[in-house]
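*Asks:* Heads up: take any position in the sequence shown, counting from 1, add 1, and you land on the numbering used here.
Cβ coordinates follow ideal geometry from the N, Cα and C atoms, glycine included.
Please read all numbers here as calculations on a predicted model, not as lab measurements.
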Amino acid sequence: MPEAASAAAVRATIGDSEFDRDTAVTRRAPGVYDIDLSAGWTIISAVNGGYLLAVLGRALGDALPHPDPFTISAHYLTASRPGPAVVRTETVRTGRSLSTGQASLLQYDDEGNEVERIRVLASYGDLDALPDDVRTSAKPPAMPPMDQCFGPEDGPAPVEGSSAIADRLMLKLDPATLGWALGQPSGRGEMRAWFGLADGRDADPLSLLLAVDALPPTAFELGLKGWVPTVELTAHVRCRPAPGPLRVSITTRNLAGGFLEEDAEVWDSTDRLVAQSRQLARVRLG
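#1: My assumption, with CB atoms under 8 Å, is that D37 sits in contact with P85. Please give the rounded CB distance.
#2: Given the structure, does L183 come close to the ligand ATP, in the sense that its CB is under 7 Å from one of the ligand's heavy atoms?
#3: Starting from R283, follow the beta strand (DSSP E) in both directions and report where the run begins and ends.
#4: Is the Cβ-Cβ distance between A243 and S278 less than 8 Å?
#5: Taking the CB atoms as reference points, tell me whether L61 and L210 lie closer together than 8 Å.
#6: As an exercise, report each continuous beta strand (DSSP E) stretch of at least 3 residues that is fully enclosed by the region 227-282, in chain order.
#7: How many Å lie between P153 and D175 at the Cα?
#8: Could you check whether the region 241-259 touches the region 179-188, counting it as contact only if at least three pairs of C-beta atoms, one from each stretch, sit closer than 8 Å?
#9: State the beta-bridge partners of R120 as determined by DSSP.
#10: Do Q103 and L122 have their CB atoms nearer than 8 Å?
#11: Inspect the beta-carbon positions of V267 and A257 and report whether they are closer than 8 Å.
#12: State the Cα-Cα distance for the pair W42 and A165, rounded to the nearest angstrom.
#13: Tell me which residues share the same chain as A1 and place their Cβ nearer than 7 Å to its Cβ, disregarding the 5 neighbours each side in the sequence.
#14: Note down, in chain order, each residue of its chain lying with its Cβ closer than 7 Å to the Cβ of D69, except the 5 sequence neighbours on either side.
#15: Apart from the five residues just before and just after V93, which ones in its own chain have a Cβ nearer than 7 Å to its Cβ?
#16: Give the secondary structure of G162 by DSSP, where H, G and I count as helix, E and B as strand, and everything else as coil.
#17: Once the 5 residues before and after L99 are set aside, which same chain residues still bring their CB inside 6 Å of it?
#18: Give the single residue among D272, F260 and Q185 whose Cα lies nearest to the Cα of L281.
#19: Roughly how far, in whole angstroms, is the beta-carbon of R1 from the beta-carbon of P141, given that I think they are within contact range, below 8 Å?
#20: Excluding sequence positions up to five away, which residues of its chain have a Cβ less than 6 Å from the Cβ of G162?
#21: According to DSSP, which residues form a beta bridge with P85?
#22: Just how far apart, CA to CA, sit R283 and P230?
#23: To the nearest angstrom, how far is it from the Cα of T27 to the Cα of A13?
#24: With a Cβ-Cβ cutoff of 8 Å, do M144 and R193 count as a contact?
#25: May I ask you to report which of helix, strand or coil DSSP gives T27?
#26: Should G58 and A215 be called a contact, given that it needs their Cβ atoms to be closer than 8 Å?
#27: Could you say which of T95, I119 and G190 lies nearest to L106 if we only look at CA atoms?
#28: Using the Cα positions of E4 and G96, report the straight-line distance between them to the nearest angstrom.
#29: Throw me the rounded Cβ distance for the I251 and T219 pair, which I believe falls under 8 Å.
#30: Inspect the beta-carbon positions of L131 and P186 and report whether they are closer than 8 Å.
This is the structure in structure tokens:
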């Protein structure tokens, strides 16, 4: 077997993957972390919001006494760019089962001024300590098998320009939500896909923060084009995901005044609802 093919056949593992390396933060001082934001997670020239949420989530996981994000809310203040950044964290409260902290990601602008990009408030706990008691009316999305779905490699790029993040994802979109790619958007505001990391790394709580913001915008199926920047995003991690591909379902019910909401659900290979999110995003009309 050629060396390149052999390397491609080796699955990355949690803790040793491109996602882990690109979200790794270096502690400079208590509560202060340095990171070089990778250009590999950009759409056009903006760094993906889910990747940024995972970066801040990793820093808070180091700063707080509990390991796993339970809920994390982010306000995206200005667009982040690839390159050096600083994450500053603060512990707000610690308790027996939950700890709460806040974090900000900052970069320097062209004039050398410090600019806050994102501000986050989050509560952390231990997912493995939760009782195994599930009472739910939620059901996983009805989707075709993965081999009957389509990825970026099967058609045109989701947006004009660079979309480096697509090379780092295993994304197979439900054909029922792909009308926009054929110039025939359904108008339903739905997006569904099988999701994973391209190097085969299994999902964990941090990569779930990426998953909730990694699909093409539902605005495309509403007949709109262009960048749809996130204003605010809140994610809930409900369970540590089982190995295997995830299914992500995103819906929009209301677009008004140039803003829409996106409600996301993430399901693992055992049909367990492992993450949920809601975000408010801005769209360009006309």
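*Replies:* According to the structure data:
#1: Numbered from 1 along the sequence shown, position 36 holds the residue referred to as residue 37. Numbered from 1 along the sequence shown, position 84 holds the residue referred to as residue 85. That pair is a contact at about 6 Å.
#2: Here there are no bound small molecules, and the ligand ATP is not part of this structure.
#3: Here the question's residue 283 lines up with position 282 in the sequence shown. Per DSSP, R283 belongs to the beta strand (DSSP E) from L274 to R283.
#4: As a first step, residue 243 must be located in the sequence shown, where it is residue number 242. As a first step, residue 278 must be located in the sequence shown, where it is residue number 277. Result no, Cβ atoms of A243 and S278 do not sit closer than 8 Å.
#5: Along the sequence shown, one-based indexing puts residue 61 at 60. Along the sequence shown, one-based indexing puts residue 210 at 209. For L61 and L210, no; Cβs fall outside 8 Å.
#6: 231-238, 247-252 and 260-268
#7: Here residue 153 refers to the residue found at position 152 of the sequence shown. Here residue 175 refers to the residue found at position 174 of the sequence shown. Roughly 12 Å between the two C-alpha positions.
#8: no
#9: If you number the sequence shown from 1, residue 120 lands on position 119. In the DSSP output, where bridge partners are listed per residue, R120 has H76 and S105.
#10: Here residue 103 corresponds to residue number 102 of the sequence shown, with the count starting at 1. Here residue 122 corresponds to residue number 121 of the sequence shown, with the count starting at 1. Cβ atoms of Q103 and L122: closer than 8 Å.
#11: Here residue 267 is taken as the residue at index 266 of the sequence shown, counted from 1. Here residue 257 is taken as the residue at index 256 of the sequence shown, counted from 1. No, they are not a contact pair.
#12: For the purposes of this step, residue 42 is taken as residue 41 along the sequence shown, with counting starting at 1. For the purposes of this step, residue 165 is taken as residue 164 along the sequence shown, with counting starting at 1. Taking the straight line joining both Cα atoms gives about 6 Å.
#13: Because the chain is modelled from 2 through 287, residue 1 falls outside the range shown and cannot be assessed.
#14: As a first step, residue 69 is located in the sequence shown; it is residue number 68 there, counting from the start. Answer for D69: Y125, G126, D127, L128, P206 and V238, listed in chain order.
#15: Within the sequence shown, residue 93 is the residue found at index 92, counting from 1. Contacts found: T101, G102 and Q103.
#16: For the purposes of this step, residue 162 is taken as the residue at position 161 of the sequence shown. The predicted model places G162 with a pLDDT of 48, which falls under 50 and marks its position as unreliable, so this point remains unresolved.
#17: Translated into the one-based positions of the sequence shown, residue 99 becomes position 98. Hits under 6 Å: S124 and G126.
#18: As a working note, residue 281 is residue 280 in the sequence shown. The candidate whose alpha carbon is nearest that of L281 is F260.
#19: The structure shown does not extend to residue 1, since the chain is modelled only from 2 through 287, so no value can be given for it.
#20: As a first step, residue 162 must be located in the sequence shown, where it is residue number 161. Here the model assigns G162 a pLDDT of 48, short of 50, so the residue's position is not dependable and the matter cannot be decided.
#21: Taking the first residue of the sequence shown as 1, we reach residue 85 at position 84. Answer is D37.
#22: On the sequence shown, residue 283 is found 282 positions in, with the first residue counted as 1. On the sequence shown, residue 230 is found 229 positions in, with the first residue counted as 1. Roughly 6 Å between the two C-alpha positions.
#23: For the purposes of this step, residue 27 is taken as the residue at position 26 of the sequence shown. For the purposes of this step, residue 13 is taken as the residue at position 12 of the sequence shown. Distance between the alpha carbons of T27 and A13: 22 Å.
#24: As a position in the sequence shown, residue 144 is number 143, starting the count at 1. As a position in the sequence shown, residue 193 is number 192, starting the count at 1. Contact: yes.
#25: Taking the sequence shown and counting its residues from 1, the one referred to as residue 27 is at position 26. Looking at T27 - three-state DSSP - the assignment turns out to be strand.
#26: One-based indexing of the sequence shown puts residue 58 at position 57. One-based indexing of the sequence shown puts residue 215 at position 214. No, they are not a contact pair.
#27: Indexing the sequence shown from 1 puts residue 106 at position 105. L106 has its Cα closest to that of I119, out of T95, I119 and G190.
#28: Within the sequence shown, residue 4 is the residue found at index 3, counting from 1. Within the sequence shown, residue 96 is the residue found at index 95, counting from 1. Caution applies to E4, whose pLDDT of 42 falls short of 50 and renders its modelled position unreliable; the model cannot decide the point.
#29: The residue labelled residue 251 in the question sits at position 250 within the sequence shown. The residue labelled residue 219 in the question sits at position 218 within the sequence shown. That pair is a contact at about 6 Å.
#30: Taking the sequence shown and counting its residues from 1, one reaches residue 131 at position 130. Taking the sequence shown and counting its residues from 1, one reaches residue 186 at position 185. No, they are not a contact pair.
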